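Before any comments, here is the structure.
Chains as they are written, first to last, in our numbering: chain A, 1 to 255; chain B, 256 to 952.
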C-alpha cells in the first residue's frame, strides 16, 4: 500500500512536529523550574499528547473508509487497527490508575530526583519517537533500507531510555535513600517508572521483531505490523509525556 | 484400551494422580520441614495439580489442556525453585516457607506456571510463528467429535461452549463451597468447622473464611466466563459474521482463564485467605500465601475479560452483515457492547489495585500502609472503580437475553427497541460514576457520599426503562412457556426484587445501618440470579438445539425451574429478613439469642434444593447431548438469523451471507422480514413458516 500523500511532505511533517514537541518539552521544564504552575504543565502535556496522537499515531486512520471486502488486506488491517486502539484504551486505564495513585498519595509533592537525568531520558524517548515516525513513513513508501536504519536507531534510543531509567536513575534514587519501601514517594516512583519500563521493554521486543522480519522483506507490501509497532511505541511515549511532569516537575520535592 | 470409556479412564487416573501428587508433596515437605504433615498444604497442592492433570490425560491424551496443565505444574515448580535458588545464593535467611516455597517463590512460580500453560496448550504458537515471519492458515479445521473442546480451537462456537462448560464447572465448585459453609451456618455455634478442625493449615473458622471468600470470587469468575460464553457463541451469529474478529485472541482469552481458575483453587490449599473476595488491605497485606494466589488468579482472569470484550467490540463494529445499521442490531448485541465497554476499561483498575497489594507484600511498597504514609482507602477507590461496574458486566448480557427472548415467546414486537438499546449503554456509563457507594462507612470524605448516592439512584432510570419495555412487550401477547421462557419470566421477577432492594442501600442514612448485613447479601444474590443465572439457564436451554441439533428435556427443564425458583426465594428473602434484623455478613457464627436459627436452617435447606435443581440441570444437559429429542429446525420459531439455517450450525456459520432488510423484532406483523439470504447459490434449507395467527394491535 503506497500512500497518496507525498513522501517528502510526510517526512517534513514529522520534523516539524518533532520541533514542536522539543520546544514544548523545553517550555515545560522552564515552567516547572521558574514558576511551577500545575495547570500550565497539564496544558503543555495535553498539547504534546495531542500532537503525538494525531501526527505520529495517526488516530484519524481509525476513520478510514476501505472498500467493504471482508477478505481484503486493507479491511483486515483496519480491523486490527481498531483492536490495537481498543487495547491502548484499556492499557491507558492502568496508567490512569497509577496517576490517580500518585495524586492521592503525594498530592503536590514529588520525589526528589536528578532533574538533568530526567530531562535527558525524556529527550531520548522523544527523539526515538521521531525516528520511529520516519521509519514508518519510509516503509509505507517502499524504502526498506531507510525503514531499517530508522527503526534500528529507534531501538537503540529506546534501549538507552530503558537502561537510563532502570540502571542509572533507579540506582541514583536508591543511593539518595529513595527506595521502594521508604515511603509513598518511593513506592509511587518505582511503581510508575517500573510499569512504564515494562511497556518500553515489550515495545523493544516488538521493534526487534519488526526489524528482523522487515529485513527479510516481509513488510514491503503488507506493512500493517510496522504501523502497529510504531503506534504502540508512540503510546509508550504518550504515557511518559504525562509521567515525566508527574514525577519530576509538579509540586515541591520531598525526601 | 480402546474400548475403555475415556471418562472412566480419566477418573481412574484422577485418583492415581491424586495419590502420586500427594506422595510427591509429602516427600518434598519432609525434605524441607523434616516432619510428615499429612493434612498440610504442600501435599494437597501437589495432589490437586497432579490429579487434575492426570484426569485430563486419561480423558484426552497428552495434548491441549493436558499439556497445558502439565506445563503449568512444571513451570510453577521451576519458577519456584529458581527464586529459591537465587535466595539461597544471596544468602537469604528464608529460602523455604511454611508452604514449601517462600512467598516470592510461589508468586514467581505461579506467574511462570500461567505462561507455561499458555505455551503448553498451544494457544500462542501461531503468534510465535508470526513473530518469526512464518504465515499460518487463516482457519484451522477442528477434528470432529468432542475432543476439539479440550484443545485449542479458533472456532467461536467451540470457544463459546468451552467458556460455558468451564463456567458451569466453576459454578458447581463455587456452589459446593457455599453448601459447606451454609451447612455450618444452619445452626448457631460451631458444629464441624470448629477451632480444633484442621485442614490445609487452617482452623475451622479460618477455613470458613476461605470458603466464603472463594465462593465469592469463583462465582464471579464463573459469571465472567458465562457471559463470555454467551457473547462468544451468539454475537457472531447474530451479526452475521463467520467468526469473531480475532479468532486467536479469542482462544487466548478463553485459555488464560483456565490457569487462573487453577490459581484460585491453589489459594484454598496454600493457607487460604480470609478477606472475602474484596481483598481489602491491611488485612490482605497480612493474609497467608493463598492471598497472593487469589490476586494472581483474578489478575489473570481479568485478562480473559479484557481481551474477550475487545474482541466483541471489534467484531460488532467491523463484521456486521450488510444492512445491519445501528438500530437493526439485535438487542443482545447492544447489551454485549455495553458490557464490553466496561470490561475493556475498568477491569484494569482491579488488576492494578491487586498488583499494588502484591507489591506491598513482596517488596514492602507502602501504598496502603497508613503507618508509612500510605492510604488504605485508596485501595477501595481503585478496587470499586472496577468492582461496582463489574456487576453491570454481569447483568447486562442477561438483561439483553431477556429482551432478546421475550418477543420470541410472546409473539409480539419488542416494545421500545431504541430505548432498550440505549438503556444498556446508559447503565454502563452511569455505572462508572457510582463506585463509592460501597464506601459510605469506610471513612472517606463525607461530602462525597451525596453525589454518589444520587448517581446510584440514577441507575434505576435506565433499568426502569427495561422493565417498562418488558411489561409492555408481554402485555396482550400470546405467551407460551417452554423452559427458556420460564427462566426469562423468573429472571424478570427475581431481578425486580434485586432492583427494588437496591435504592435502600444507595440511600446514605439507610446504608449506614444496612452495610455489612445479610440484607446486602440478599440484594446482591437477587440481582445476580435475576441478571445472570436465570438468563444464563434460559440461554442454554434456548441455544442448546443450535449447538447440538437436539433439545433438552422439557419436563426436567421445568422441574429444574420450579424447584430452583421457590428455593431461591426462601434463601434470599431469608437473608434479607435477618439482615434487616441485624445479622452480620461474612461471619462463621452468630448468637443463638438473636433468634435467627430457624431462618438459617430454612435458608440452608433452600440452598441444598437449589443445588439439587442444578444437579438435575447437569444430568439433563449431558443426557440430552446424545439422547435428546432431535431438533434441527427453527425450534422456537424465531426471526433471528441463526435459526434460519439448520442445526447444528455449519462450521463457518452462514454458507450464504444474508442482508438485513427489516426490523429484528416485528413478531406477529404480516409481511415483515428481518433478513434475506442473497439469492444466488442459496444452500440453506427453508423451513415451513409457522403461520402467525394474531396480529399485534
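Yeah, the Cβ is synthetic: ideal placement off N, Cα and C, and Gly gets one too. None of the values given here were measured: they were computed from a predicted structure.
Are the CB atoms of residue i and residue j nearer to each other than 9 Å?
{"i": "residue 305/B", "j": "residue 276/B", "result": "yes"}
{"i": "residue 783/B", "j": "residue 664/B", "result": "no"}
{"i": "residue 317/B", "j": "residue 261/B", "result": "no"}
{"i": "residue 655/B", "j": "residue 791/B", "result": "no"}
{"i": "residue 793/B", "j": "residue 586/B", "result": "no"}
{"i": "residue 251/A", "j": "residue 107/A", "result": "yes"}
{"i": "residue 904/B", "j": "residue 802/B", "result": "yes"}
{"i": "residue 155/A", "j": "residue 211/A", "result": "yes"}
{"i": "residue 544/B", "j": "residue 351/B", "result": "no"}
{"i": "residue 328/B", "j": "residue 377/B", "result": "no"}
Please classify residue i as buried or exposed, where buried requires at least 16 neighbouring CB atoms within 10 angstroms.
{"i": "residue 358/B", "result": "buried"}
{"i": "residue 167/A", "result": "exposed"}
{"i": "residue 121/A", "result": "buried"}
{"i": "residue 705/B", "result": "exposed"}
{"i": "residue 673/B", "result": "exposed"}
{"i": "residue 845/B", "result": "buried"}
{"i": "residue 582/B", "result": "exposed"}
{"i": "residue 491/B", "result": "buried"}
{"i": "residue 23/A", "result": "exposed"}
{"i": "residue 778/B", "result": "buried"}
{"i": "residue 591/B", "result": "buried"}
{"i": "residue 440/B", "result": "buried"}
{"i": "residue 28/A", "result": "buried"}
{"i": "residue 256/B", "result": "Below a pLDDT of 50, predicted positions are generally treated as unreliable, and residue 256/B, at 45, falls in that range; the measurement from the model is reported next regardless. So residue 256/B ends up on the exposed side."}
{"i": "residue 242/A", "result": "buried"}
Counting contacts by CB-CB distance shorter than 9 Å, is residue i in contact with chain B?
{"i": "residue 218/A", "result": "yes"}
{"i": "residue 148/A", "result": "no"}
{"i": "residue 250/A", "result": "no"}
{"i": "residue 242/A", "result": "no"}
{"i": "residue 238/A", "result": "no"}
{"i": "residue 155/A", "result": "no"}
{"i": "residue 184/A", "result": "yes"}
{"i": "residue 223/A", "result": "no"}
{"i": "residue 63/A", "result": "no"}
{"i": "residue 138/A", "result": "no"}
{"i": "residue 75/A", "result": "yes"}
{"i": "residue 114/A", "result": "no"}
{"i": "residue 151/A", "result": "no"}
{"i": "residue 143/A", "result": "no"}
{"i": "residue 130/A", "result": "no"}
Name the two residues that bound the continuous alpha helix (DSSP H) containing residue i.
{"i": "residue 145/A", "result": "144 to 163"}
{"i": "residue 137/A", "result": "115 to 140"}
{"i": "residue 602/B", "result": "586 to 618"}
{"i": "residue 931/B", "result": "Segment 930 to 932 is the beta strand (DSSP E) holding residue 931/B; no alpha helix (DSSP H) there."}
Taking 9 Å as the CB-CB cut-off, is residue i touching chain A?
{"i": "residue 607/B", "result": "yes"}
{"i": "residue 662/B", "result": "no"}
{"i": "residue 574/B", "result": "yes"}
{"i": "residue 300/B", "result": "no"}
{"i": "residue 412/B", "result": "no"}
{"i": "residue 491/B", "result": "no"}
{"i": "residue 281/B", "result": "no"}
{"i": "residue 611/B", "result": "yes"}
{"i": "residue 266/B", "result": "no"}
Between which two residues does the beta strand (DSSP E) carrying residue i extend?
{"i": "residue 328/B", "result": "Not the beta strand (DSSP E): residue 328/B falls in the alpha helix (DSSP H), residues 319 to 344."}
{"i": "residue 110/A", "result": "109 to 111"}
{"i": "residue 180/A", "result": "Premise fails: residue 180/A is in no beta strand (DSSP E) and is neither H nor E."}
{"i": "residue 914/B", "result": "913 to 915"}
{"i": "residue 358/B", "result": "Taken as a continuous stretch (DSSP letters only), residue 358/B belongs to no beta strand (DSSP E), being part of the alpha helix (DSSP H) at 358 to 376."}
Anything in the segment 366 to 395 of chain B with a Cβ closer than 7 Å to a Cβ of chain A? List those residues in chain order, please.
386, 388
Along the segment 193 to 216 of chain A, where does the CB come closer than 8 Å to a CB of chain B? Name the residues.
209, 212, 213, 216
Near-chain A residues of the segment 554 to 568 of chain B (beta-carbon distance less than 7 Å), N- to C-terminal order:
561, 565, 568
Select from the segment 32 to 61 of chain A all residues with a C-beta closer than 9 Å to any C-beta belonging to chain B, and list them in chain order.
none
Could you please tell me which residues of the segment 582 to 609 of chain B, in chain order, have their CB closer than 8 Å to any CB of chain A?
599, 600, 601, 602, 603, 604, 606, 607, 608
Between the segment 613 to 645 of chain B and chain A, which residues of the former have a C-beta closer than 7 Å to a C-beta of the latter?
614, 618, 619, 620, 621, 622, 627, 628, 629, 630, 633, 637
Give, in chain order, every residue of the segment 493 to 527 of chain B whose Cβ lies closer than 9 Å to some Cβ of chain A.
496, 497, 500, 501, 504
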